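Trainee: Residue numbers (this note's numbering): 12 to 335. The beta carbon of each residue, even a glycine, is placed where N, CA and C say it ideally should be. Please read all numbers here as calculations on a predicted model, not as lab measurements.
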């Protein structure tokens, strides 16, 4: 089978397409023919080996896992003798986390891992595209804060993978949403439900006097200290990006302030919670309450080009790799 192989940290050029042996499922595993995968923030960070403390998990000098890719959608092609939750022909979605392996034509996954059934009316591209951003946003909006109807929520990086999902989820919970993105993406986020759009290239947030119950910085570009003036008295600043200043704020500012900063590594939560979120997101997608925003679709052969595009930092929603 064809698979992307990496032997070093670096730019998109480290992603090499090679022929490798097709895996055989163990007794408790399912063999999945991968139809599509997506380029997640986790996948790009594991490719570059940054931030460097992440190498404690992915490999100090070079990647431990040779085939990258963390999310996928596909069809069950074979099952081990002890498998009872899935059958040949089932459509599924799965998250592989640090085990990776999604940048390939086939993968074996234990049936009790991060794998759930995919409804018939959801394409592989839609499913894998919504998985990372949707589950990340949902985790913040259910575990870190309970959004109530009428809450004012600001979403920074609103046109990205997490941002496009966060807008739709916040609206589903009844919030009033202000989206921060570039002017060229204003129409996109408005169609997703944003009530107000601020253009970061014109410093419209900095010049605004509005205050919010929740600020969700999906891309780690805002400063908590500079954003405090935009938080209400008991407001929350949320971020999925861990930096030194974030850690210092949580340790030395949070205990003395009513305006809290909260970070969460949503991919490290208990499996039961993550599967719950996967099922919730897929149900919302199935019932058309949210939709997947897809910027571009590449093939497995175009993996390097796809990563080069993502590295530019201007993608709208999700970049998909179509494999099957």
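Please list, in chain order, all residues of the same chain as residue 187 whose beta carbon is under 6 Å from its beta carbon, the five residues on each side excluded.
Mentor: Taken in chain order, the residues that qualify are 163 and 206.
Trainee: Does DSSP classify residue 241 as helix, strand or coil?
Mentor: In the structure shown, residue 241 sits in a helix (DSSP, three-state: H, G or I).
Trainee: Count the other CB atoms within 10 Å of the CB of residue 326; is the residue buried (16 or more) or exposed (fewer)?
Mentor: That one is buried.
Trainee: When the Cα atoms are used, what is the spatial distance from residue 26 to residue 14?
Mentor: Their Cα atoms are separated by approximately 10 Å.
Trainee: Relative to the C-alpha of residue 221, which candidate in 294, 212, 329 and 244 has its C-alpha closest?
Mentor: Answer by Cα proximity: 244.
Trainee: Just to confirm the assignment, what range does the beta strand (DSSP E) spanning residue 46 have?
Mentor: From DSSP, the beta strand (DSSP E) with residue 46 extends over 40–49.
Trainee: With C-beta atoms as the reference, is residue 224 less than 8 Å away from residue 246?
Mentor: In this structure, residue 246 lies closer than 8 Å to residue 224 by Cβ.
Trainee: In chain order, which continuous runs of the beta strand (DSSP E) of length 3 or greater are located wholly inside the region 269–316?
Mentor: Counting whole runs of 3 or more residues, the region 269–316 contains the beta strand (DSSP E) stretches 271–274 and 305–310.
Trainee: DSSP puts residue 13 in a beta bridge; with which residues?
Mentor: 30.
Trainee: Could you give the first and the last residue of the continuous beta strand (DSSP E) run that contains residue 76?
Mentor: Here residue 76 belongs to no beta strand (DSSP E), and DSSP marks it neither H nor E.
Trainee: When the distance is taken between beta carbons, is residue 60 closer than 8 Å to residue 69?
Mentor: Against a cut-off of 8 Å, the Cβ pair of residue 60 and residue 69 comes out as a contact.
Trainee: For residue 153, which option in 177, 142, 261 and 122 has the closest C-alpha, if you only look at C-alpha atoms?
Mentor: Looking at the Cα atoms, 177 is the closest of the given residues.
Trainee: Do you know whose CA, among 329, 273, 241 and 292, lies nearest residue 169's CA?
Mentor: Nearest C-alpha to residue 169: 329.
Trainee: Hey, how far is the Cα of residue 281 from the Cα of residue 240?
Mentor: Going by the C-alpha atoms only, they are around 34 Å apart.
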